[in-house]
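Notes follow the structure.
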Amino acid sequence: MKTAAATRRRLYLVDAHAYLHRAYHALPPLTNSKKEPVGALLGFLRALLVIIRRDKPELLAVCFDAPGPTFRHKELESYKATRKPTEPDLKWQLNAARDVVKATGLPFVEAPGWEADDLMATLAAKGEAEGLDVVLVSGDKDALQLVGGRIRVLNEAKGVVFDPAKVEEKFKVTPAQLVDYLTLTGDVSDNVPGVPGVGAVGAAKLLNRFGDLDALIQAALKGDPDIPARIAKSLVDSQ
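Each step along the sequence shown adds one to the number in this note's numbering, with nothing skipped, and position 73 is 76.
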């Protein structure tokens, strides 16, 4: 007899750009008969086929970053400013990937001003509300803040499915605390500054003691003895 969990429909949401980037750097340069670069496209399609054949999800959509700036660039001018320009061969394949996905018949999603992460988060929330089990196929740590309830994150490269316990094992904070954790530590890959003097260990320790960032800042303003003076000053100055 099947359990309720075994009979629930599953929605897989795939971060296309993350997989294309990984495939581009993992595989040797490959070209087709027209001398067009196709290595990243090949790796991306292989990954999709592995997921489809192995997991057999009832629903699946491929999510793309839209061209151009997002709302994050308006909020923080330096957002991702330290990243190197995308290599021409990779850029060509990122653009071609939409046509490749169309040719497979798989649905894909993109929206001007939004990243694939944003679309995945929105669709995950809608899917969960409709009673679906949702799997976000992504290696991006930002996706882990969504873990909980019926939402999981599959990091295919590491062969890990992140549930709440796995997130806590990795970061020493809960998924619900992950946004505050990244606010404290910053994110080098996106050029987002954190709070000076607060590293991964310190951020986890502070959040486990005070619960969330708002409570931590209030404690810093009151001179709580559990917060070192230099950290308290950094917290107040970084508001």
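Even for Gly, the Cβ is constructed at its ideal location relative to N, Cα and C.
Buried versus exposed call for H28 [16 or more other C-beta atoms within 10 Å across all chains shown]: exposed
field: Beta carbon of L181 nearer than 8 Å to that of Q148
entry: yes
Enclosing alpha helix (DSSP H) for V198 [first to last residue]: Neither: V198 is in no alpha helix (DSSP H) and is coded neither H nor E.
- prompt: Terminal residues of the continuous beta strand (DSSP E) containing N98?
  reply: First-last for N98: 91 to 107, but that is the alpha helix (DSSP H), not the beta strand (DSSP E).
query: DSSP three-state call for M4: helix, strand or coil?
result: Here M4 scores only 39 on pLDDT, less than 50, and its place in the model should not be relied on; the value that follows carries that caveat. Three-state DSSP puts M4 in coil, outside helix and strand.
query: Is the region 103 to 119 touching the region 48 to 68 in the sense that three or more CB pairs, one from each, lie closer than 8 Å?
result: yes
field: Rounded C-alpha distance that separates N252 from A179
entry: Missing from the structure shown is residue 252; the chain here goes from 4 to 242 and no further.
message: In chain order, what are the residue ranges of uninterrupted beta strand (DSSP E) at least 3 long that sit wholly in the region 121 to 177?
response: 136 to 140, 154 to 158, 163 to 165
field: Inter-residue Cα distance where the pair is H24 and A43
entry: 7 Å
task: Could you please give me the residues that DSSP links to V17 through a beta bridge?
output: V65, V140
- request: Would you mind listing the alpha helix (DSSP H) stretches within the region 35 to 64 that are 4+ residues and don't spill past its ends, in chain order?
  value: 42 to 58
task: Mind checking which residues open and close the alpha helix (DSSP H) that includes L216?
output: 216 to 224
field: Environment of Q96 [buried if 16+ CB atoms lie within 10 Å]
entry: buried
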